[in-house]
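According to my numbering, numbering within the sequence shown proceeds without interruption in unit steps and concludes at 167. All residues carry an ideal CB built from backbone N, CA and C; glycine is no exception. Heads up, the thing below is written out as structure tokens.
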Amino acid sequence: MRVISKPILIEFYSNPLYQDSEEALKAWHDEVIQADWNTPHEIKAQYKNASIIGNKRVVFNICGNKYRLIVSVSYRLKAFYVKFVGTHKQYDAVDAETIDLFK
């Protein structure tokens, strides 16, 4: 799979407030680019705590649920589009099915 907008992840973990997310986000990225998922069930098989939500989106828990990562998935294009990365509190304030902080 390809991860579109990796610089967003780098910008997030480069912020001194969120530096503790760097290792986990890099590990997530490395695992995703090695994956070849064709269905949400295949994602859930690897990431049991991931939430499959509407609008072709998946929510990943990062750093033991301290952070949340929302991506939109195109299985046909084999691509993940980062829509949101933030703290759990920030996540609680957004609509995970429509948020796109990076438009």
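Asked: Go ahead and pull the three-state DSSP assignment for I117.; Found: strand
Asked: Take N129 and list the residues in its own chain whose beta-carbon comes closer than 8 Å to its own, dropping the five residues that flank it on each side.; Found: N113, H152
Asked: What's the gap between the Cα of Y77 and the Cα of A91?; Found: 13 Å
Asked: Comparing C-alpha positions only, which one of A109, S138, L89, P80 sits nearest to K62?; Found: What is shown of the chain runs 65 to 167, which leaves residue 62 out entirely.
Asked: On the criterion of 16 or more Cβ atoms from any shown chain inside 10 Å, does R132 qualify as buried, or is it exposed?; Found: buried
Asked: Is I134 near F144, with beta carbons less than 7 Å apart?; Found: no
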